[in-house]
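Visitor: Residue numbers (the numbering used here): 54 to 356. Using N, Cα and C, we set each Cβ at its ideal position, and we do this for glycine too.
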């Protein structure tokens, strides 16, 4: 089977368009179409259904695409291992984490990582969905719960607690709650109660949002949105404790109430255990967390 034709087929199947696949491969649409037609003739099958909205794989096309996906992942792994055989840390590293943690905590620290490893290229993937590391949707994940897959290297790197925060202007206008019962006079802003990555915070939040109290509630699908709404006086936000050091103008509400400790894990596939890029990133994050904790402890000792 012709490798060039398979490469073109994989691009078309992945993108769903002859034109866009051609742009990616620097080929004309007609050249891509000829290669797909030749592959179909050599296999004596139809690989795509042609529709006005694009191309849809046939059953035979799905089978071939699954095979080319597996080939592509193996080639990516081989490329990563070849790169990691060098002494220097360089190349692409795809890191996934939640939008809140990535936006508020991780992204601001990337400058120091690049000072250490200027040839490293970080692709930061921020979303609440748990990406599949063994399927190489990302190389490294930072998650708010322990990964369930057995073939992952995982390390508990920190813990966070969920706490209540509000802006001073909001409290001046609406008053400061003294008890949990007082929250019924306020709007609570939180991540969705169906959040997949933060089980402990959801359990604690459900006790705060008891049905008996009839608390007004607004949900956002990430903590960055919760923080923005809280800063703009929409209500009292439920956020991780690291927010207090990032946005010191926010005021802690009910300081004796917080969730249980929520473990934060860094994980990556077993096959990347000896990757210089992964190890460099892991060690950097661990050192940044140590520095962050020292700063928090020093701040708390002065209060």
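Count the other C-beta atoms from every protein chain shown that fall within 10 angstroms of the C-beta of residue 301, then say buried if there are 16 or more, exposed otherwise.
Guide: Residue 301 should be labelled exposed.
Visitor: For residue 220 and residue 169, what's the separation of their Cα atoms in angstroms?
Guide: Taking the straight line from one Cα to the other gives about 37 Å.
Visitor: So what does DSSP say about residue 151, is it helix, strand or coil?
Guide: In this structure, residue 151 counts as coil in the three-state DSSP scheme.
Visitor: According to the Cβ coordinates, are residue 152 and residue 295 closer than 9 Å?
Guide: Not closer than 9 Å, so no.
Visitor: For residue 54 versus residue 157, is the C-beta distance shorter than 9 Å?
Guide: No. Outside cutoff.
Visitor: If residue 321 and residue 205 are in contact, beta carbons under 8 Å, what's the gap, nearest whole angstrom?
Guide: Going by Cβ atoms, the distance from residue 321 to residue 205 rounds to 7 Å, so yes, they are a contact pair.
Visitor: Can you give, in chain order, each stretch of the beta strand (DSSP E) that sits fully within the region 172 to 200 and has at least 3 residues?
Guide: Runs of the beta strand (DSSP E) inside the region 172 to 200: 173 to 179 and 193 to 196.
Visitor: Would you tell me roughly how many angstroms separate the C-alpha atoms of residue 188 and residue 273, rounded to the nearest one?
Guide: About 29 Å.
Visitor: Return the CA-CA distance between residue 74 and residue 64, expressed in angstroms with no decimal places.
Guide: Residue 74 and residue 64: Cα-Cα distance of roughly 6 Å.
Visitor: With a threshold of 7 Å on Cβ separation, who are the neighbours of residue 191 within its own chain once the five nearest residues in sequence on each side are excluded?
Guide: Once the five neighbours on either side are set aside, the close Cβ partners of residue 191 are 147, 148, 149, 178 and 184.
Visitor: Residue 173 and residue 330: beta carbons closer than 9 Å?
Guide: Yes, these two residues count as a Cβ contact at 9 Å.
Visitor: So, do the region 199 to 218 and the region 303 to 322 have three or more beta carbon pairs nearer to each other than 8 Å?
Guide: The region 199 to 218 vs the region 303 to 322: in contact.
Visitor: Going by the CB atoms, is the gap between residue 324 and residue 130 shorter than 9 Å?
Guide: Yes, these two residues count as a Cβ contact at 9 Å.
Visitor: In the DSSP assignment, what residue or residues form a beta bridge with residue 215?
Guide: Note: residue 215 sits in a beta bridge opposite 293.
Visitor: Give the range of the alpha helix (DSSP H) segment to which residue 347 is assigned.
Guide: Its alpha helix (DSSP H) spans residues 329 to 355.
Visitor: CA-CA distance, residue 76 and residue 107?
Guide: In a straight line, the C-alpha of residue 76 is about 15 Å away from that of residue 107.
Visitor: Compare the beta carbon distance of residue 102 and residue 110 with 9 Å and say whether it is the shorter of the two.
Guide: Going by C-beta atoms, residue 102 is nearer than 9 Å to residue 110.
Visitor: Looking only at its own chain, which residues have a Cβ that is under 7 Å from the Cβ of residue 155, when we skip the five neighbours before and after it?
Guide: Correct list, in chain order: 177 and 179.
Visitor: Specify the secondary structure class of residue 202 as computed by DSSP and reduced to three states.
Guide: Correct three-state label for residue 202: coil.
Visitor: Counting only the same chain and skipping the five closest in sequence on each side, list residues whose C-beta sits under 7 Å from that of residue 224.
Guide: The answer, listed in chain order, is 304.
Visitor: Quick check on this structure: which residue in 132, 238 and 89 has the alpha carbon closest to the alpha carbon of residue 69?
Guide: Closest by alpha carbon: 89.
Visitor: For residue 239, count neighbouring Cβ atoms within 10 angstroms of its own Cβ and tell me buried if that reaches 16, exposed if not.
Guide: The residue in question, residue 239, is buried, as its Cβ has 16 or more Cβ neighbours within 10 Å.
Visitor: May I ask which residues mark the beginning and end of the alpha helix (DSSP H) holding residue 276?
Guide: Where residue 276 is concerned, the enclosing alpha helix (DSSP H) stretches over 276 to 284.
Visitor: Could you name the residues of the same chain whose beta carbon sits closer than 7 Å to that of residue 268, not counting the 5 residues immediately before and after it, in chain order?
Guide: Closer than 7 Å at the Cβ level, and outside the excluded window around residue 268, lie 236, 237, 241 and 262.
Visitor: What does residue 302 pair with, by DSSP beta-bridge criteria?
Guide: Residue 302 pairs with nothing; no bridge assigned.
Visitor: Below 8 Å on the Cβ atoms is my guess for residue 100 versus residue 195; work out the distance and round it to an integer in Å.
Guide: Not confirmed; about 38 Å, so no contact.
Visitor: Just to confirm the assignment: which complete beta strand (DSSP E) runs, minimum length 3, are found wholly within the region 86 to 112?
Guide: Taking only runs of at least 3 residues, the beta strand (DSSP E) segments lying wholly in the region 86 to 112 are 101 to 104 and 107 to 110.
Visitor: Whose C-beta lies closer than 8 Å to the C-beta of residue 257 among residues of the same chain, with five residues either side of it excluded?
Guide: Closer than 8 Å at Cβ, skipping near neighbours: 215, 311, 312 and 313.
Visitor: On a CA-only basis, which of 328, 208 and 336 is nearest residue 141? Give me that one, please.
Guide: The shortest Cα separation from residue 141 among 328, 208 and 336 belongs to 328.
Visitor: Between 181, 197 and 60, which lies nearest to residue 293 when the distance is taken from Cα to Cα?
Guide: When each option's Cα is compared against that of residue 293, the closest is 197.
Visitor: Please state whether the Cβ-Cβ distance between residue 243 and residue 284 is less than 9 Å.
Guide: No, the Cβ-Cβ distance between residue 243 and residue 284 is not below 9 Å.
Visitor: Would you tell me roughly how many angstroms separate the C-alpha atoms of residue 60 and residue 85, rounded to the nearest one?
Guide: Spanning the two alpha carbons is a distance of roughly 10 Å.
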